[in-house]
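One structure below.
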Ligand SMILES: Cc1cc2nc3c(=O)[nH]c(=O)nc-3n(C[C@H](O)[C@H](O)[C@H](O)COP(=O)(O)O)c2cc1C
Ligand code: SF4
Ligand code: FES
């Protein structure tokens, strides 16, 4: 649309013709109040708060529906308009309870703000109010009818935004009420059957919809708000955690979207919003545990636990060799922790036996894209891409935010979504075309498309630019063949769906027996040649480490993983292994350990994580759990306890690597402090503490291919792109390890082992199952 | 069966066939029916539109918009099908004329619909009747079936090679569904919530296609305009207000009924001569000239011609043709309360000012009338109504606000007489119920 | 035969519904008439009615309920066999509608929205029914009765009682 010029309150503004006046004004810093208008959702013009005067038009017009055209003249503030808005507020307050002090939304209520602004301070009407009882619609959602101002935001976000359509409006006139989709005793809806995303709660401008987990717990101004990244799925939504001081550190009382700065904007799913309560779970570990002479785990001091673990690791390494030690890393710890873990394994424990629970084949993905920079797509691009091919996966359940992005794009931009899958998925409702694939038939897709026989392939071939998103069904050769197909075409870019908050980061950070960070083969370590004592041969994979036939390891360090359950490990394999576990809970794996370290969760530490699209974001420490320590700190202390020089591991302070100067062996022998040189060249200061994860982030950026980070953006809280493509094609065996990949298949309410400790999610899950059981019984 | 009335001053055009059995298709044809549509089939669409334009026929649904103009707004080319939509939702209190048309002359509506279709190039028409008019729907459905049987409707109407279909539809109790875009929503099987305008129905209407929506009386008038010629029809009325219209005289007149009178007919004469004056020898207190949403007139204001422009000048509206006469034994506060009670009940609830405003007005007036009024209430009621006016999503809010403002302004004294613990000066045994919910 | 294999409606109504859903350019246009006709047959919009209509039109039950609850003629609770609807809007009010209503109440001995013990009659006050010039007017189900006075009330009731008896015996025959 061409730009047009129009006048608002005497100011000349320019915007594309057809822009909504309310949007054009907001962009120009002229705030027009509204309850019902919500960007991206259908227009209602119902609340009449946005009334403005347009010259030559007899009645006041709604700015939310007026589109701008050349030469128009508007007034948005005048006594007449102020009076109109004041009257609107007065009218609303007529039936609205005036008990703000006890309302859950007090302090965060748009009606309160409007009343304050337009001064409807006097109660003109002394009639009795419409009273209705509060209802609980689900474990997550409560509805207090008298507070509802009928802005229909919830109805729209649930229907248009989520494609769930669980909310509606019943009755008419002043008896109109928002209702959920499951009718109760009296016919009217009183229970929700939905995805429990809580979007309705978040979007409610007043205190009508409140959250089961937060309501009446505290006042908004009594919380600190920390914006960090959700720990659950691999989409990496930003979540604002409301934190309150408590007697054992601090307590997270709310997860929401107050800070809409993340790429997820408005969006959060049930896990992001309600899945934070594991941090306060009673079974949370808060003290290290040591196995005593009687063979039982008993609480120990950090000093003792570290001493025992460090001594034992050192002893095994020195007596039996690093190759008898194994390390298993986590999909939920930060990049810095994962990087540190592999460096610790390789340079301190002298082993390449390092792996993680692979939920998707990022290694194959990276290697297939080797030498082709710029071919991955970020999650931010999804809502504006003209065409998207989704092969496999079920984003609605497993990648709720991606599903939201796709729906938004189809709804607002008429994007063309193509879906090829071996099973029906809900997103087909948004698809332009769908193609059923035989299970296991994914590897033939490239040939099928090229044949151009079906409408589906013809349509895809006709697309000038395409983003291809692979589900976790894709592995090795199938990934390679479709990427090869895409690379032949000009504008095809890719993304790949993995499972947890930092699965992609774990892979990028080299939690592989044969690949260093950035998918650099251990056999040709390139920049990592500077690692002291880097073992040359590839190590054992996770199943190999836990395989009885392998005779067992001397020691195994497991960080934030629960392979015993996930892999149904034969416990005999661990019989003679000294097991050290860092975790939040006494998982099945931790229960077998000799030393257990209580770890901090992602919400209790700083660092970065990389989502499945390669978007890297900072996580910020929101709360504290007395007794637990970040995995980063535990590793550093463990290295210390082994008598290692920590500076070799974490480049902190001045002269981080000068210690190597006098060294006679290794690639870096005799060189100057490379890290310091790099820092200086990049205008960065050395970090002062060995526990500062950003020291490692600096090293990651210095050494890991594909992790050239836009620091400015990162530091201001934005997501920045990383790339998986290694500079040289790798031929590591990780690629062939298709059986190593075990997708988590978490649903909207599960989150693998961690999910078991999310009471809120479990309650929701139980509610869902109960409902479906009832429905089935009918 | 509603009683038919007559008066020498009547000019029977639309009501010509009332009481003559014209619901029967043969009888309708005998009485000259379906000739106009044949005439139109031989003409261009532009000719039809121009004929209606120059007849000065104005919409009988309430707003009085020029029918010919409305038709001319429909784009000639359209990717989506165009539709004619006949508004037979007749729900404005005081209005019962469409009732008689569907009862006595359903074929006139059918014929008018076909002509409208020819005029704008629509191939189908919908006739929407309010749900309460079930017996009329049955009469109409019979008439439509008969017209199909004769080949007047269908793929090849009157053997002309032109196609035209008519589909009937029933409402289920909702005044707001009379509003044009809410009607379309209802016809599409949804809640009767009006749509955002623009786009206007002529461009994007029913099922997204360009749509002409007209009141049933408007449509039933069309064949007569074609038959008698635009000039002759226009001639009957006043400038810019062509022809006659059905006035529904009700309330405290001696001879209530539906009378067809020329546009511009004097209101006072209508009440005193046609209606036989105020019943029971009482005096006139007030007149609501065009259905319950139009501002009330005091006796000294009724010496006016009943056309859209003159009534507008007098500060009210010709509206839907419902003339409600109120005698001096009636309490204006109670009348205002019953009026607002209706709008409160019928508000669709979509927008704040109407949903909340009608409720508060009803509550305040009920309390006030029950003898618990405060002096400040009177101003508050007026303030509230004035703050609804012109700010609602659709005209229903105005329809509630306008009469309220007029009652308070013009009969303030009566409001004041209710104060200070004084009982309603007109109190009868038993207070109004207003239990409608 | 209806396309619904198991229908709660009579075969006639089911067949009528089959036709209704094809009558309009979009299926759901049939919703409001279907609800009304279903109510005419079943007496009110029971859960089963909602379920079947939602199914026939491919709508969610929530959607159907939302629409149904908008229209004042549609009800979710049974009414009497003869539902007496007294218009008390302005024109009828001016001509004695409240006295008429009162008389019905006395004769039937029930309150607003109440029904007689035998289930024969229910009574409600309604908005304008389009009979303003023949006020006061009422509707008994769909039948109009106009220009009424309270004195006519017993006769009207007797008439419907008679009808009920006649129909009842017909039904039993
Ligand atoms: C709240 C409301 C109710 C209305 N009810 C009716 C009605 O019952 N019948 C009618 O013909 N027009 C009604 N109208 C007017 C219609 O919106 C529309 O203007 C009319 O049908 C156009 O036909 P006309 O141009 O022939 O008058 C109503 C308007 C509003 C705002
Ligand atoms: S979509 Fe994924 S990352 Fe986002 S809130 Fe939900 S679980 Fe967390
Ligand atoms: S924001 Fe415009 S009417 Fe609500």
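Chains as they are written, first to last, in our numbering: chain A, 67 to 844; chain B, 117 to 553; chain F, 9 to 181.
By construction, the Cβ of each residue, glycine as well, lies at the ideal position given by its N, Cα and C atoms.
When you compare the CB of residue i with every CB in chain A, is at least one pair closer than 9 Å?
i              : result
residue 163(B) : no
residue 36(F)  : no
residue 461(B) : yes
residue 69(F)  : yes
residue 97(F)  : no
residue 91(F)  : no
residue 475(B) : yes
Please classify residue i: is it buried, with 16 or more other beta-carbons within 10 angstroms of its beta-carbon, or exposed?
i              : result
residue 341(A) : buried
residue 173(F) : exposed
residue 81(A)  : buried
residue 18(F)  : exposed
residue 177(A) : buried
residue 665(A) : buried
residue 213(A) : buried
residue 736(A) : The pLDDT assigned to residue 736(A) is 48, lower than 50, so where the model puts this residue is not dependable, and the model offers no usable value.
If you compare alpha carbons, which of the options is closest to residue i?
i              : options                        : result
residue 155(B) : 345(B), 267(B), 408(B), 465(B) : 345(B)
residue 210(A) : 234(A), 713(A), 169(A), 681(A) : 169(A)
residue 443(B) : 257(B), 424(B), 399(B)         : 399(B)
residue 86(F)  : 96(F), 34(F), 115(F), 122(F)   : 122(F)
residue 202(B) : 257(B), 335(B), 140(B), 322(B) : 335(B)
residue 597(A) : 410(A), 94(A), 85(A), 362(A)   : 410(A)
residue 558(A) : 701(A), 626(A), 531(A)         : 531(A)
residue 313(A) : 829(A), 674(A), 752(A), 693(A) : 693(A)
residue 16(F)  : 84(F), 109(F), 142(F), 47(F)   : 47(F)
residue 356(A) : 646(A), 788(A), 348(A), 824(A) : 646(A)
residue 215(B) : 187(B), 245(B), 223(B)         : 245(B)
residue 525(B) : 507(B), 508(B), 542(B), 502(B) : 502(B)
Using a Cβ-Cβ cut-off of 9 Å, state whether residue i counts as contacting chain F.
i              : result
residue 388(B) : no
residue 232(A) : yes
residue 236(A) : yes
residue 373(B) : yes
residue 254(A) : yes
residue 246(A) : yes
residue 286(B) : yes
residue 414(B) : no
Can you check whether the C-beta of residue i is within less than 9 Å of a C-beta belonging to chain B?
i              : result
residue 129(F) : no
residue 191(A) : yes
residue 85(F)  : no
**Secondary structure, beta strand (DSSP E): runs of 3+ residues fully inside the stretch 237–309 of chain B** = 240–245, 281–286
**Item:** Continuous alpha helix (DSSP H) assignments of at least 4 residues falling wholly in the stretch 319–389 of chain A
**Value:** 336–340, 368–386
**Prompt:** Which ranges does the beta strand (DSSP E) cover as unbroken runs of at least 3 residues, wholly within the stretch 74–140 of chain A, from first to last along the chain?
**Reply:** 77–82, 117–120
**Asked** Of all the beta strand (DSSP E) runs that stay within the bounds of the stretch 208–250 of chain A, which reach a length of 3 or more residues?
**Response** 233–236, 243–246
**Request:** Scan the stretch 440–464 of chain A and note each continuous alpha helix (DSSP H) run of 4 residues or more that stays entirely inside, going in chain order.
**Result:** For secondary structure counted as the alpha helix (DSSP H) over 4 or more consecutive residues, the stretch 440–464 of chain A holds these complete runs in sequence order: 461–464.
**Item:** Residue ranges of each alpha helix (DSSP H) within the stretch 466–536 of chain A, 4 or longer
**Value:** 466–479, 511–517, 521–528
**Message:** In chain order, what are the residue ranges of uninterrupted beta strand (DSSP E) at least 3 long that sit wholly in the stretch 343–429 of chain B?
**Reply:** 360–367, 373–378, 400–404
**Prompt:** What are the start and end residues of each continuous beta strand (DSSP E) run of 3 or more residues lying completely inside the stretch 309–333 of chain B, in chain order?
**Reply:** Qualifying beta strand (DSSP E) stretches, in chain order: 327–331.
**Request:** Please list the segments of the alpha helix (DSSP H) lying wholly inside the stretch 426–461 of chain B, counting only runs of 4 or more residues, in order along the chain.
**Result:** none
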